[in-house]
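What follows is a single structure, written as C-alpha coordinates, with notes after it.
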Amino acid sequence: MLDFGCGWGRILRFWLKDFEADHVWGVDVQKEAVDICEGLAFPCNLKQIPSGPPVDLPADKFGLIYAFSVFSHLSPEAADAWVAEFHRILKPGGTAMLSTRPRSFIEMVGNARKMNPAPEWTKRIVHHFQDENKWLSRYNAGEFCFEPVGLGGDPSKSFYGEAVIPKDYVVKHWAGSKFRLCAFLAGDRLVEQNIIILQKK
124 MLDFGCGWGR ILRFWLKDFE ADHVWGVDVQ KEAVDICEGL AFPCNLKQIP SGPPVDLPAD
184 KFGLIYAFSV FSHLSPEAAD AWVAEFHRIL KPGGTAMLST RPRSFIEMVG NARKMNPAPE
244 WTKRIVHHFQ DENKWLSRYN AGEFCFEPVG LGGDPSKSFY GEAVIPKDYV VKHWAGSKFR
304 LCAFLAGDRL VEQNIIILQK K
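Here's what the structure looks like:
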(Lines of atoms letter the chains of each structure in order from A and count residues from 1; the text may use other names and numbers.)
(Lines give C-alpha, C1' and ligand atoms only; values in the text may rest on other atoms or scores of the structure.)
Protein backbone atom coordinates (compact mmCIF):
# COMPACT_ATOMS: atom_id res chain seq x y z
CA MET A 1 0.00 0.00 0.00
CA LEU A 2 1.05 3.58 -0.64
CA ASP A 3 0.43 6.49 1.72
CA PHE A 4 0.57 9.37 -0.75
CA GLY A 5 1.48 12.61 1.02
CA CYS A 6 2.44 10.81 4.21
CA GLY A 7 3.73 13.90 6.01
CA TRP A 8 5.48 13.00 9.25
CA GLY A 9 3.73 9.63 9.35
CA ARG A 10 0.65 10.57 11.36
CA ILE A 11 -1.45 7.99 9.51
CA LEU A 12 1.34 5.92 7.98
CA ARG A 13 2.28 4.45 11.37
CA PHE A 14 -1.16 2.86 11.72
CA TRP A 15 -0.88 1.08 8.38
CA LEU A 16 2.15 -0.68 9.84
CA LYS A 17 -0.19 -2.48 12.24
CA ASP A 18 -2.05 -4.18 9.38
CA PHE A 19 0.56 -4.57 6.64
CA GLU A 20 4.05 -6.05 6.58
CA ALA A 21 6.54 -3.17 6.61
CA ASP A 22 8.06 -4.22 3.27
CA HIS A 23 4.64 -3.73 1.67
CA VAL A 24 4.10 -0.21 3.06
CA TRP A 25 5.31 2.87 1.22
CA GLY A 26 5.17 6.49 2.33
CA VAL A 27 5.90 9.31 -0.11
CA ASP A 28 5.81 13.09 0.16
CA VAL A 29 6.96 16.05 -1.92
CA GLN A 30 8.54 17.71 1.12
CA LYS A 31 11.97 16.40 2.06
CA GLU A 32 11.46 17.55 5.65
CA ALA A 33 8.48 15.23 6.03
CA VAL A 34 10.38 12.22 4.71
CA ASP A 35 13.33 13.09 6.96
CA ILE A 36 11.03 13.09 10.01
CA CYS A 37 9.65 9.67 9.09
CA GLU A 38 13.17 8.35 8.70
CA GLY A 39 14.15 9.92 12.01
CA LEU A 40 11.24 8.13 13.69
CA ALA A 41 12.65 4.89 12.27
CA PHE A 42 9.48 3.73 10.57
CA PRO A 43 10.42 0.29 9.20
CA CYS A 44 8.79 0.84 5.80
CA ASN A 45 9.74 2.25 2.41
CA LEU A 46 10.04 6.05 2.36
CA LYS A 47 10.62 8.28 -0.64
CA GLN A 48 10.59 11.94 -1.59
CA ILE A 49 8.72 12.50 -4.85
CA PRO A 50 8.46 15.43 -7.28
CA SER A 51 5.52 17.81 -7.11
CA GLY A 52 4.12 16.31 -10.29
CA PRO A 53 4.14 12.91 -11.97
CA PRO A 54 5.65 10.64 -13.02
CA VAL A 55 7.10 9.03 -9.91
CA ASP A 56 9.94 6.54 -9.90
CA LEU A 57 7.71 3.60 -9.02
CA PRO A 58 6.79 0.64 -11.23
CA ALA A 59 3.45 0.17 -12.93
CA ASP A 60 0.82 -2.13 -11.41
CA LYS A 61 2.56 -2.14 -8.01
CA PHE A 62 0.03 -1.13 -5.35
CA GLY A 63 -3.24 -2.66 -4.26
CA LEU A 64 -4.15 0.45 -2.25
CA ILE A 65 -3.24 4.12 -2.51
CA TYR A 66 -4.36 6.33 0.37
CA ALA A 67 -4.19 10.14 0.19
CA PHE A 68 -5.78 11.94 3.13
CA SER A 69 -5.85 15.73 3.02
CA VAL A 70 -3.80 15.85 -0.18
CA PHE A 71 -6.39 16.32 -2.92
CA SER A 72 -7.98 18.89 -0.60
CA HIS A 73 -4.98 21.06 -1.54
CA LEU A 74 -4.24 20.29 -5.21
CA SER A 75 -5.07 22.35 -8.28
CA PRO A 76 -7.29 20.75 -10.95
CA GLU A 77 -4.29 20.19 -13.21
CA ALA A 78 -2.25 18.57 -10.43
CA ALA A 79 -5.15 16.45 -9.20
CA ASP A 80 -5.95 15.16 -12.70
CA ALA A 81 -2.30 14.34 -13.33
CA TRP A 82 -1.93 12.42 -10.07
CA VAL A 83 -5.13 10.44 -10.62
CA ALA A 84 -3.74 9.39 -14.00
CA GLU A 85 -0.47 8.39 -12.33
CA PHE A 86 -2.37 6.41 -9.71
CA HIS A 87 -3.95 4.44 -12.54
CA ARG A 88 -0.48 3.57 -13.79
CA ILE A 89 0.94 2.38 -10.46
CA LEU A 90 -2.19 0.63 -9.14
CA LYS A 91 -2.64 -3.06 -9.75
CA PRO A 92 -5.69 -4.01 -11.83
CA GLY A 93 -8.61 -3.86 -9.40
CA GLY A 94 -6.57 -1.74 -6.98
CA THR A 95 -8.19 1.02 -4.94
CA ALA A 96 -7.39 4.70 -4.47
CA MET A 97 -8.89 6.49 -1.45
CA LEU A 98 -8.70 10.28 -1.65
CA SER A 99 -10.14 13.10 0.43
CA THR A 100 -11.27 16.60 -0.47
CA ARG A 101 -12.83 19.59 1.24
CA PRO A 102 -16.65 19.41 1.36
CA ARG A 103 -18.99 22.05 -0.06
CA SER A 104 -19.57 23.28 3.50
CA PHE A 105 -15.92 24.40 3.62
CA ILE A 106 -16.77 27.32 1.34
CA GLU A 107 -19.63 28.28 3.68
CA MET A 108 -17.43 27.85 6.75
CA VAL A 109 -14.81 30.20 5.34
CA GLY A 110 -17.54 32.74 4.57
CA ASN A 111 -18.92 32.51 8.10
CA ALA A 112 -15.44 32.93 9.59
CA ARG A 113 -14.97 36.17 7.64
CA LYS A 114 -18.05 37.61 9.34
CA MET A 115 -16.61 37.04 12.83
CA ASN A 116 -14.71 39.84 14.55
CA PRO A 117 -12.14 38.75 15.32
CA ALA A 118 -11.98 35.65 13.13
CA PRO A 119 -10.99 32.48 15.02
CA GLU A 120 -7.22 32.07 15.08
CA TRP A 121 -7.31 28.76 13.22
CA THR A 122 -9.20 30.34 10.29
CA LYS A 123 -6.83 33.25 9.65
CA ARG A 124 -4.89 31.30 7.03
CA ILE A 125 -7.98 30.56 4.95
CA VAL A 126 -10.46 33.44 5.41
CA HIS A 127 -9.21 35.27 2.31
CA HIS A 128 -10.14 32.29 0.09
CA PHE A 129 -13.41 31.85 -1.81
CA GLN A 130 -14.26 35.52 -1.29
CA ASP A 131 -17.35 35.51 -3.52
CA GLU A 132 -19.12 32.76 -1.60
CA ASN A 133 -22.22 32.60 -3.81
CA LYS A 134 -20.12 32.37 -6.97
CA TRP A 135 -18.06 29.50 -5.60
CA LEU A 136 -21.10 27.64 -4.31
CA SER A 137 -22.72 27.99 -7.74
CA ARG A 138 -19.58 26.64 -9.38
CA TYR A 139 -19.54 23.70 -7.00
CA ASN A 140 -23.22 23.00 -7.67
CA ALA A 141 -22.42 23.04 -11.40
CA GLY A 142 -19.82 20.32 -10.91
CA GLU A 143 -16.76 22.56 -11.19
CA PHE A 144 -13.49 21.95 -9.36
CA CYS A 145 -13.18 24.84 -6.87
CA PHE A 146 -9.58 25.84 -6.13
CA GLU A 147 -7.76 28.81 -4.62
CA PRO A 148 -3.92 28.71 -4.79
CA VAL A 149 -1.84 29.27 -1.67
CA GLY A 150 1.66 28.11 -2.57
CA LEU A 151 3.37 25.23 -0.80
CA GLY A 152 5.30 26.35 2.25
CA GLY A 153 4.37 29.94 1.46
CA ASP A 154 6.08 29.75 -1.95
CA PRO A 155 3.69 31.39 -4.44
CA SER A 156 5.54 29.79 -7.37
CA LYS A 157 4.16 26.44 -6.25
CA SER A 158 0.67 27.34 -7.37
CA PHE A 159 -0.44 23.72 -7.60
CA TYR A 160 -1.04 23.88 -3.83
CA GLY A 161 -3.98 25.61 -2.16
CA GLU A 162 -7.50 24.88 -0.96
CA ALA A 163 -9.58 22.53 -3.12
CA VAL A 164 -13.26 21.60 -2.98
CA ILE A 165 -14.07 18.84 -5.48
CA PRO A 166 -17.71 17.93 -6.22
CA LYS A 167 -18.87 14.42 -7.04
CA ASP A 168 -19.93 15.48 -10.52
CA TYR A 169 -16.33 16.45 -11.32
CA VAL A 170 -15.07 13.06 -10.16
CA VAL A 171 -17.67 11.27 -12.28
CA LYS A 172 -16.89 13.35 -15.37
CA HIS A 173 -13.09 13.51 -15.17
CA TRP A 174 -11.85 10.51 -13.16
CA ALA A 175 -14.43 7.74 -13.36
CA GLY A 176 -15.14 6.14 -16.70
CA SER A 177 -12.90 3.96 -18.81
CA LYS A 178 -10.05 3.78 -16.27
CA PHE A 179 -11.71 3.91 -12.85
CA ARG A 180 -14.95 2.86 -11.26
CA LEU A 181 -16.30 5.27 -8.65
CA CYS A 182 -17.06 2.98 -5.71
CA ALA A 183 -18.15 5.71 -3.29
CA PHE A 184 -18.23 9.44 -2.65
CA LEU A 185 -18.74 9.69 1.10
CA ALA A 186 -19.82 12.94 2.73
CA GLY A 187 -17.69 14.15 5.61
CA ASP A 188 -19.01 14.29 9.15
CA ARG A 189 -17.84 15.47 12.56
CA LEU A 190 -15.30 12.67 12.82
CA VAL A 191 -13.92 13.03 9.29
CA GLU A 192 -14.47 16.57 8.04
CA GLN A 193 -13.49 15.80 4.45
CA ASN A 194 -15.36 13.97 1.72
CA ILE A 195 -13.86 10.59 0.82
CA ILE A 196 -13.54 9.45 -2.79
CA ILE A 197 -12.99 5.75 -3.47
CA LEU A 198 -11.87 4.76 -6.96
CA GLN A 199 -11.13 1.27 -8.27
CA LYS A 200 -8.86 0.70 -11.24
CA LYS A 201 -10.56 -1.13 -14.08
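Quick note: the sequence shown uses our numbering, first residue 124, plus one each step. Quick reminder that beta carbons are idealized off the backbone N, C-alpha and C, glycines included.
> To which residues of the same chain is LYS290 closer than 6 Å at the C-beta, ignoring the five residues directly before and after it?
Replying inline: Position 167 of the sequence shown holds residue 290. Excluding positions up to five away in sequence, the list reads PHE307.
> Taking just the CA atoms, how far does VAL147 sit from TRP138?
Replying inline: As a first step, residue 138 is located in the sequence shown; it is residue number 15 there, counting from the start. As a first step, residue 147 is located in the sequence shown; it is residue number 24 there, counting from the start. Looking at the two C-alpha atoms, the distance is approximately 7 Å.
> Rounded to the nearest angstrom, how far is the Cβ of ALA286 from that of ALA202, given a contact under 8 Å?
Replying inline: Here residue 286 corresponds to residue number 163 of the sequence shown, with the count starting at 1. Here residue 202 corresponds to residue number 79 of the sequence shown, with the count starting at 1. About 7 Å; that satisfies the 8 Å criterion.
>> According to DSSP, is LEU259 part of a helix, a strand, or is it coil?
In response: Position 136 of the sequence shown, counted from the start, is the residue given in the question as residue 259. DSSP places LEU259 in helix when its eight states are reduced to three.
>> Tell me the DSSP secondary structure of VAL287 in three-state form.
In response: Here residue 287 refers to the residue found at position 164 when the sequence shown is read from its first residue. Three-state result, VAL287: strand.
> Taking C-alpha atoms, which residue in VAL314, SER300, PHE302, PHE127 lies nearest to LEU197?
Replying inline: To locate residue 197, count along the sequence shown from 1; it is residue 74. For the residues VAL314, SER300, PHE302, PHE127, the minimum Cα distance to LEU197 belongs to PHE127.
> If you draw a straight line from the alpha carbon of TRP258 to that of LEU125, how long is it in whole angstroms?
Replying inline: By one-based count along the sequence shown, residue 258 stands at place 135. By one-based count along the sequence shown, residue 125 stands at place 2. Their backbone Cα atoms lie some 33 Å apart in a straight line.
>> Whole angstroms are fine: how far does the CA of GLN153 sit from the CA of PHE165?
In response: As a position in the sequence shown, residue 165 is number 42, starting the count at 1. As a position in the sequence shown, residue 153 is number 30, starting the count at 1. Straight-line Cα distance between these residues: approximately 17 Å.
> Excluding five sequence neighbours on each side, which residues of the same chain lie with their C-beta closer than 7 Å to the C-beta of ILE248?
Replying inline: Counting from one through the sequence shown, the residue named residue 248 turns up at place 125. VAL232, GLU285, listed in sequence order.
> Between the beta-carbon of LEU304 and the beta-carbon of THR218, is there less than 8 Å?
Replying inline: Counted from its first residue, the sequence shown places residue 304 at position 181. Counted from its first residue, the sequence shown places residue 218 at position 95. THR218 is positioned such that its CB atom lies no closer than 8 Å to that of LEU304.
>> Between which two residues does the beta strand (DSSP E) holding LYS323 run?
In response: Counting from one through the sequence shown, the residue named residue 323 turns up at place 200. Where LYS323 is concerned, the enclosing beta strand (DSSP E) stretches over 317-323.
>> Extract the residue ranges of the beta strand (DSSP E) inside the region 139-204, only unbroken runs of 3 or more that lie entirely within it.
In response: 148-151, 168-171, 185-190
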